[in-house]
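Peer 1: If you read the sequence shown in my numbering, its first letter stands for residue 9, the second for the next number, and so on. Before we start, here is the structure in question, set down as structure tokens.
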Amino acid sequence: MTTPANWQKSSFSGGGEGNDCVEIATTPGSVHLRESDTPALRLSTTAGAVAHLLRRIKNGFHESTPV
Numbered sequence: 009m010t011t012p013a014n015w016q017k018s019s020f021s022g023g024g025e026g027n028d029c030v031e032i033a034t035t036p037g038s039v040h041l042r043e044s045d046t047p048a049l050r051l052s053t054t055a056g057a058v059a060h061l062l063r064r065i066k067n068g069f070h071e072s073t074p075v
């Protein structure tokens, strides 16, 4: 798996050092997420999986909804 080089913080991360946010980076074929204050811990997945998750959230997904 390729290691991402360009992490981007959300514009909603707030003031100060901006360490209270999630960062995202992409590489060919994958999407990587990490928390700013713990950058060594990363979640890696595919763009399709992220798109599926976002669609479910927009459509009112909650824990009791079957997958």
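We treat Cβ as the ideally placed atom computed from N, Cα and C, and that holds for glycine. Every value quoted in this text rests on a predicted model; they were computed, and no experiment measured them.
What are the start and end residues of the alpha helix (DSSP H) that includes Ala76?
Peer 2: No answer is possible for residue 76: the residues shown for the chain start at 9 and end at 75.
Peer 1: Leaving out the 5 sequence neighbours to the left and right, which residues in its chain are closer than 8 Å to Gln16 when beta-carbon positions are compared?
Peer 2: Correct list, in chain order: Glu31, Ile32, Ala33.
Peer 1: What residues match up with Ser44 in a beta bridge as DSSP calls it?
Peer 2: DSSP output for Ser44 lists no bridge partner at all.
Peer 1: Measuring CA to CA, which of Leu49, Asp45, Gly56 is closest to Ser38?
Peer 2: For the residues Leu49, Asp45, Gly56, the minimum Cα distance to Ser38 belongs to Gly56.
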